[in-house]
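Residue numbers (the numbering used here), protein chains in the order written: chain A, 1 to 224; chain B, 1001 to 1224. Notes follow once the structure below has been shown.
Number of protein chains: 2
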Amino acid sequence: MTPDRILHHFPLDPASRQVRLALGEKRLAFTEQTVRYWERPKELVSLNASGLTPVLTEGPLVLCESRAILDHLEETYPEPALLGREPAERAEARRLLQWFDRKFDYEVGGFILHEKMEKRLLGLGAPDLASLRQGREALRGHMLYIDSLLADRDWLAGTRLSLADFAAAAHLSVIDYFGDVPWADFQAVKTWYMKLKSRPAFRPLLADRWPGLAPAPHYDDLDF
Amino acid sequence: MTPDRILHHFPLDPASRQVRLALGEKRLAFTEQTVRYWERPKELVSLNASGLTPVLTEGPLVLCESRAILDHLEETYPEPALLGREPAERAEARRLLQWFDRKFDYEVGGFILHEKMEKRLLGLGAPDLASLRQGREALRGHMLYIDSLLADRDWLAGTRLSLADFAAAAHLSVIDYFGDVPWADFQAVKTWYMKLKSRPAFRPLLADRWPGLAPAPHYDDLDF
C-alpha cells in the first residue's frame, strides 16, 4: 500500500530540489503542494515550526527539511541506494552534503539567490552588484573544487551517483536558472551536470517556472 | 579491536561538542587533538577541505563535520540509540538537529559567539553591542521554544534522550560559557539542562577553558 505522500515545497529552493530528485530517483509517487514560504503560510508553519521548505508528509508522518526527509527515504526505501553502502562512501557523501548545504549555500546562494530571487519575491528592490560579484567569485571557487573532485571520480562522492551529486546539482541548478553558472570555463563540471540533467528525476526541475522570474535561455536545454 | 580514534576539535565549537557528547554517551574512547581552526592548520585542512571542525578519524576512515560523524557513530555503534528507533522519533530528532545547527546557530550563535568569541580569537576588536542584543533577543525566542517542547516531553524529541538534546545542549553550553543564557526565566529548560549537565558524557565539556576567555562563574556548577 502506498502511503499518501505530499511534498510541500518551493520550486526554486535548493533543499526542496534535493528531495524531488531523491523521490524521483527512488520512483516514489507524491503530490506536490507549492508554498510561498516567505509569506509564512499557516499550513506550512503548523507542519514545520521553522516555516522552511521542504516538508514531506507520508500519511501521519511529518518530515521537516531535507536532512530528515533524505535520511528517512534512504532508511525506508533503500533501493536504489543514494548514500553508498560502505562507511567510507557514506562519510564522503555526507561530507559533501554538508559542503553544499552549508558552505556553498552560505557563500554562493546567500549572495546570488538573495540578490536575484529573494529580493524579487520580497519586493526588496534591485540586486546589489557588489554582493552579486562576491557570490560569483565564490562560485568560481566551488566550480574549481567540483572540477578537482571529478578529476578522478565519475560522481562527486566516488564511483556511484549519490545524494552528494543531487545536493550539488540542486544548488547549482537554481543558480543556473538565473544564468550565473560559468559553464564554459569548467568542461568537466558541465559534462557531469549534463549527465544529471538527462536523468528522468531531473525533468520536473527543468520545467519549473516562477511568475516574474524568467529562467536563462539554456536552463532546460539538455545540450547547453 | 578498538580502532585508533582521534577527534580533531575546538573545545568551544558547538558542532565539536555534539560529537564529544555522542562519543561519551556511547563510551567510545578517543584521543583529542585541539585545533585552532581559524588559523587553518595544514593537518586539519588536509583532512577536511572546508577547514572546519570536528573531524574524527577511525584508523583510515576520515569523518568530516558533525553530520557525517554522528550518523556514522549511530550506524556503527547503535547502542545506546541516540536517534530513536521509530521513523517518527527519528524524524523529530533530525528536525531538531537541523533547528539547532542551522536556525539557532544562525540567529543566536552567529551574533553572540561571533561577538564574544570569534572576534577575540581573530583579534577583531570589541563586541558590537547592537549585535549582542540581537543575538540575546533571538535566544529568548529559542528558550521559549525549548520550553514549549518540554511542556509535554521528558526530552526534546520525545520520551528518550537523543541527539536533539545534545545538539541543543551543545549550542546552549557555549553561550552559557559566556554567561548569556537567561536561565532564571526558563525553569523547565534549566531543569532539562541540569539533567544533561549531570551526565558523565558532559563532564569534559565543563572542564573546558580557553586562554583569554574566562567562563561565567556558574559555568561548571551542576546546581547553578
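Glycine included, every Cβ here is placed at the ideal spot set by N, Cα and C.
- Your pair B/I1146 and B/A1168 checks out as a contact, with CB atoms roughly 6 Å apart and the cut at 8 Å.
- Note that the C-beta distance between B/A1093 and B/A1164 is below 9 Å.
- Sequence-ordered contacts of the stretch 55 to 82 of chain A with chain B read E58, P60, L61, V62, L63, C64, E65, S66, R67, A68, I69, D71, H72, E75, T76 [C-beta pairs closer than 9 Å].
- Shown here is that no member of the stretch 177 to 198 of chain A has a Cβ falling below 8 Å from a Cβ of chain B.
- Between B/R1040 and B/L1121, the C-beta spacing is not below 9 Å.
- In its chain, beyond the 5 residues on either side, R1120 have a beta carbon closer than 8 Å to the beta carbon of B/G1212.
- Neighbours of B/W1038 across chain A, judged by C-beta separation under 9 Å, do not exist; the nearest C-beta is about 16 Å away.
- For A/L97, the nearest CB of chain B lies under 9 Å from its own CB, placing it at the interface with that chain.
- By the rule that beta-carbons nearer than 9 Å mark a contact, A/P87 touches chain B.
- Per DSSP, B/R1005 lies in no alpha helix (DSSP H); the unbroken beta strand (DSSP E) holding it starts and ends at 1005 to 1009.
- Assignment of beta-bridge partners to B/G1158 by DSSP yields B/W1155.
- Distance from B/L1056 to B/L1063 at the Cβ level is roughly 5 Å; contact confirmed, criterion being Cβ atoms closer than 8 Å.
- Runs of the alpha helix (DSSP H) spanning 4 or more residues and lying entirely within the stretch 1098 to 1173 of chain B occur at 1110 to 1113, 1119 to 1122, 1129 to 1150, in chain order.
- Taking a Cβ-Cβ threshold of 9 Å, the residues of chain A close to B/K1103 are S50, L52, in chain order.
- For A/E25, there is no enclosing beta strand (DSSP E); the residue is part of the alpha helix (DSSP H) that begins and ends at 14 to 25.
- Per DSSP, the beta bridge partners of A/W210 are A/L213.
- Rounded to the nearest angstrom, the gap between the Cα atoms of A/Y77 and A/K26 is 7 Å.
- DSSP places A/L205 in the helix class (H, G or I) of the three-state scheme.
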